[in-house]
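Residue numbers (my numbering), protein chains in the order written: chain A, 2 to 406; chain B, 57 to 432; chain C, 6 to 214. The beta carbon of each residue, even a glycine, is placed where N, CA and C say it ideally should be. Have a look at the structure below before the remarks.
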């Protein structure tokens with residue numbers, strides 16, 4: 002009973018915190034709400050007229066939505082890069098960052114689910130997927146694995162920080178015996194969600210571009226580069242706008258994680274390119290389309306070459322200690338890396354999988370305005386959720402939010 | 057196709073001028089080209105009933121495609137409503153239930169919509185439930201349009217396994233099969249959905265799909281070319297079935313890979329998993345002009361689909377389970393298409409498999425298609 | 006330390022459960038390939054209920070046995086408007102080819118092999134117009150015209166008896182009813198003409214622009 006009361010008070014206090022703030026804060030929240038409303042309007046059009054308002058066709062049947070979904074699973078998985086050192090290896094440097102990282106994971110996972118729902122042809126019958134009421138094709142369908150993995154990860158990432166914050170809110174220390182098992186499971190789970198998402202594509206013998214053994218590991222490497230890169234950027238922003246203390250040491254440690262992951266990612270990219278272009282087979286055509294264009298169809302060329310050059314540049318910057326230790330340069334490299342991997346693991350991965358089609362036919366994909374609107378709306382929703390979570394967490398951690406008896 | 061019963065099976069071969077009444081050269085199927093006219097007698101018979109339905113459901117009866125079965129009218133405003141309601145399951149049914157009118161027919165309609173929204177997966181239904189949902193759909197169509205359809209829920213028969221063979225030296229690329237398929241299976245006319253693709257390939261280049269043209273429009277057969285048709289191959293180990301998260305698609309006992317259109321959530325994972333381009337998605341609401349609707353339907357076959365669901369070739373389950381040849385087989389003027397029961401040792405399809413040099417596409421993928429190609 | 010062990014055990018249990026459920030135990034995979042499946046399952050084939058009888062009912066068909074395969078084919082004589090031919094051909098052909106009598110069959114152009122190989126009397130019996138005749142002069146019943154074709158087209162004939170050449174009538178089920186040669190081929194001009202495809206997909210063009 003008492004717990005419930007405290008919880009109610011926590012929610013009230015947090016609502017109080019997130020509705021008050023500086024002018025910039027209100028502008029930011031207003032801006033996000035506006036984008037979300039536009040996104041919802043676009044989605045209503047899509048609901049009304051069907052997915053024909055998107056750029057997807059029978060030829061390229063997954064587009065921007067699934068691309069963003071794939072990328073965001075990676076971002077969510079990256080939270081583990083902070084959890085492991087903090088809770089398991091007892092590295093206290095990360096303690097502040099880890100709550101932010103988990104908040105980011107929660108926001109990213111909710112966005113993932115939103116993107117999947119947006120991509121569905123019949124969102125009103127999604128209950129067919131609920132085990133018990135509907136039919137859940139487990140374990141045959143990798144999509145059901147993904148549903149379990151994502152929701153389980155979401156649960157873990159909500160419950161652990163909630164427990165810690167809840168204890169701190171009451172002015173108590175959080176008990177290790179409670180959160181440590183959860184933290185440990187989440188380490189495995191994070192690797193799991195990203196591997197399972199990779200298997201979603203990897204398991205399709207129909208699409209040779211995806212059907213290669215390196216896809217899973219590459220997903221992990223790129224995720225552990227892009228995710229922490231985003232966390233660094235977010236920490237930088239939080240440092241600038243709040244009095245939440247984050248030491249340089251923490252950011253530099255995360256930067257090291259980003260560096261290693263980006264290097265591994267590049268190695269795997271080279272390995273993949275070597276295989277596709279040194280001994281090109283019929284199955285290399287998708288890669289040809291992606292990097293050089295096929296039959297005069299070159300829609301992805303500017304994107305992928307931008308991504309590759311940004312990726313290489315960022316990795317080179319990060320590799321040199323001198324450059325990496327300069328925070329401004331680090332932020333720049335992180336932005337580069339984030340955008341590069343968003344392109345590469347987003348539509349740079351999804352769209353070429355469908356091109357050329359099973360019988361060599363090429364129909365290019367360009368997202369429509371409505372599709373972009375929905376996508377931006379979901380990103381705005383994610384940002385809003387994160388802002389709300391982060392503000393509450395920071396309030397509690399800095400001691401401003403405390404339970405008053 | 058089926059209702060103008062021909063006196064005898066003369067084939068449209070050596071005649072450029074003679075077009076079958078249902079296929080038109082211009083490629084447009086809706087509108088002017090069509091020679092089918094709704095029969096006057098039928099209308100007068102139903103006149104009284106229609107007037108009654110008109111009074112109760114007004115303009116909804118003039119809509120096409122799935123609307124005629126049980127979709128709910130929706131404008132932008134109600135789309136917003138649906139946006140929020142759909143998160144809570146079953147917006148469509150809820151909306152129609154709240155709009156209560158005094159007419160008993162619209163009450164029945166709402167009842168049907170409600171039951172349809174929350175019915176289970178067809179694959180897991182027993183025969184009673186199957187016939188119940190079929191009856192509901194037939195009744196719903198009757199309430200909406202005042203017309204009767206004939207919908208079957210016939211199950212697979214034991215000792216039947218359907219197989220198909222395609223003679224690439226016979227096919228001349230006339231595309232009569234494509235046309236017959238569209239008409240038989242009530243495919244969306246707006247997006248010009250077609251299950252069958254005919255690939256025009258150059259002689260001497262092998263099966264080079266990359267350079268093949270599957271949307272040619274010139275007199276056929278063209279010099280130095282051969283033709284190869286593809287459609288759903290009804291794999292014995294279908295990757296599309298494996299990946300479906302809700303088991304909305306499955307392989308029936310007689311080998312047909314079918315979709316429950318009402319159970320499909322529209323994730324399109326099966327489409328990505330199919331190596332043969334065998335699946336089609338309803339990106340928007342499928343529409344078929346009322347007078348062109350094939351009213352001889354099967355639940356798993358050519359009944360009306362809604363937007364946002366997958367569909368595919370079913371070897372015309374409404375025909376094949378009754379014993380008839382699929383529409384493409386019947387329409388083919390060259391006899392390039394052979395269909396039959398693989399388990400019957402004396403069937404023609406078995407003779408082809410045992411006596412001709414047959415092969416299948418992408419056999420290395422292990423999908424085990426039940427669709428063979430052969431040459432003379 | 007205790008907690009760690011507890012967690013490890015839990016993880017192992019979870020892993021085992023996942024591994025056990027993830028294996029496919031379907032009956033579907035008991036055959037290596039679909040051809041094995043066909044072979045195995047058709048061993049005790051006892052026939053099926055589905056039949057072609059309702060579809061071929063009322064058609065004039067008769068049974069033939071060729072290459073030890075028995076099936077039905079349509080009759081021919083009752084489809085020819087002016088059968089019997091002897092109603093006009095009261096005399097042998099040579100006697101009818103005079104200028105006094107009005108010309109008949111002037112519109113038939115033979116486009117079958119070449120003029121050196123074939124003319125009218127290669128197939129038609131000039132002495133008995135009601136029947137056809139083989140190369141060696143034997144009489145062939147008009148209903149069994151396939152016997153005439155099979156003299157040269159042995160390969161097609163063999164495929165036809167098996168079912169690889171030609172078409173089934175209406176139904177895939179037994180009893181088998183197949184079309185005969187002249188249902189598809191005009192014997193005077195058996196080749197197929199070119200024509201325009203029945204459909205053109207304008208959406209596909211837009212999609213691939």
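| field | Within chain A, the residues that residue 213 of chain C reaches when beta carbons sit closer than 7 Å | value | 362, 363 and 364
| 8 Å Cβ cut-off: residues of chain B touching residue 114 of chain A | Here the premise fails: no neighbours, minimum Cβ distance about 12 Å.
| task | Use the C-beta contact count for residue 4 of chain A: other C-beta atoms within 10 angstroms, 16 or more gives buried, fewer gives exposed. | result | exposed
| query | List, in order along the chain, the chain B residues whose C-beta lies closer than 7 Å to that of residue 52 of chain A? | reply | 339 and 364
| Option in A:149, A:231, A:310 and A:88 with minimal Cα separation from residue 176 of chain A | A:88
| request: Determine, using beta-carbon pairs with one atom in the stretch 377 to 387 of chain B and one in the stretch 231 to 241 of chain B, whether at least three such pairs fall under 8 Å. | output: yes
| Based on Cα-Cα distance, which residue from A:203, A:91, A:34 and A:17 lies nearest to residue 384 of chain A? | A:34
| What does residue 12 of chain C reach in chain A if we use C-beta pairs closer than 9 Å? | 181, 182, 185 and 186
| query | Apart from the five residues on each side of it in sequence, which residues of its chain come closer than 7 Å, Cβ to Cβ, to residue 361 of chain B? | reply | Excluding sequence neighbours, residue 361 of chain B sits near 122, 317, 338, 342 and 367.
| field | Meets three-Cβ-pair contact criterion under 8 Å: the stretch 171 to 184 of chain B and the stretch 303 to 312 of chain B | value | yes
| field | In chain order, each beta strand (DSSP E) run of at least 3 residues that lies wholly inside the stretch 364 to 420 of chain B | value | 366 to 368 and 393 to 397
| query | If the cut is a Cβ gap below 8 Å, which residues of chain C does residue 189 of chain A touch? | reply | 16
| task | State whether the stretch 344 to 364 of chain B contacts the stretch 133 to 146 of chain C, with contact taken as three or more CB pairs (one from each stretch) at a distance under 8 Å. | result | no
| request: Whole angstroms is fine: what's the gap from residue 262 of chain A's alpha carbon to residue 219 of chain A's? | output: 10 Å
| What did DSSP end up calling residue 71 of chain C once you bin it into helix, strand or coil? | strand
| query | Taking Cβ positions, are residue 188 of chain A and residue 84 of chain A nearer each other than 8 Å? | reply | Cβ distance < 8 Å, so residue 188 of chain A and residue 84 of chain A count as in contact.
| request: Find out if the Cβ-Cβ distance for the pair residue 50 of chain C, residue 409 of chain B is shorter than 8 Å. | output: The Cβ-Cβ distance between residue 50 of chain C and residue 409 of chain B does not fall below 8 Å.
| said: Tell me the DSSP secondary structure of residue 57 of chain A in three-state form. | reply: coil
| task | Would you grab the beta carbon distance between residue 360 of chain A and residue 286 of chain B for me? Rounded to a whole angstrom, and I think it's under 8 Å. | result | 7 Å
| How many Å lie between residue 381 of chain A and residue 320 of chain B at the Cα? | 30 Å
| Proximity test, Cβ basis, 8 Å: residue 53 of chain C and chain B | yes
| Thinking C-alpha only, which one of B:252, B:412 and B:357 is nearest residue 378 of chain B? | B:357
| field | Cβ neighbour criterion (16 or more within 10 Å) applied to residue 431 of chain B | value | exposed
| message | Assuming residue 211 of chain A and residue 203 of chain A are in contact, meaning their beta carbons sit under 8 Å apart, how far apart are those beta carbons, in whole angstroms? | response | The Cβ separation is near 6 Å, so the contact holds.
| said: Nearest by alpha-carbon distance to residue 226 of chain B: which of B:244, B:281 and B:308 is it? | reply: B:281
| field | Check whether residue 148 of chain A and residue 109 of chain A have beta carbons under 8 Å apart | value | No; because the gap between Cβ atoms is not below 8 Å, this pair is not in contact.
| task | Select from the stretch 366 to 386 of chain B all residues with a C-beta closer than 9 Å to any C-beta belonging to chain C, and list them in chain order. | result | 376, 377, 378, 379, 380, 381, 382, 385 and 386
| message | The alpha helix (DSSP H) that contains residue 420 of chain A, what's its start and end? | response | Since the first and last residues shown for chain A are 2 and 406, residue 420 of chain A lies out of range.
| Hey, is residue 162 of chain C's beta-carbon within less than 8 Å of any beta-carbon in chain B? | no
| message | Short of 7 Å in beta carbon distance, which residues of its chain neighbour residue 52 of chain A, apart from the five on each side in sequence? Order them along the chain. | response | Taken in chain order, the residues that qualify are 122.
| query | What is the rounded straight-line gap between the Cα of residue 283 of chain A and the Cα of residue 12 of chain A? | reply | 58 Å
| field | As assigned by DSSP and simplified to three states, the class of residue 206 of chain C | value | coil
| said: Rounded to whole angstroms, what is the Cα-Cα separation between residue 31 of chain A and residue 20 of chain A? | reply: 11 Å
| field | Local conformation of residue 329 of chain A per DSSP, three classes | value | Shown here, residue 329 of chain A sits in a helix according to DSSP, grouped into three states.
| task | Name, please, each residue of chain B whose Cβ falls closer than 8 Å to the Cβ of residue 304 of chain A. | result | Simply none; closest approach about 21 Å.
| message | So if I threshold CB-CB distances at 9 Å, which residues from the stretch 314 to 336 of chain B count as touching chain A? | response | Hits within the stretch, in order: 318, 319, 320, 321, 322, 323, 324, 325, 327, 328, 329, 330, 331, 332, 333, 334, 335 and 336.
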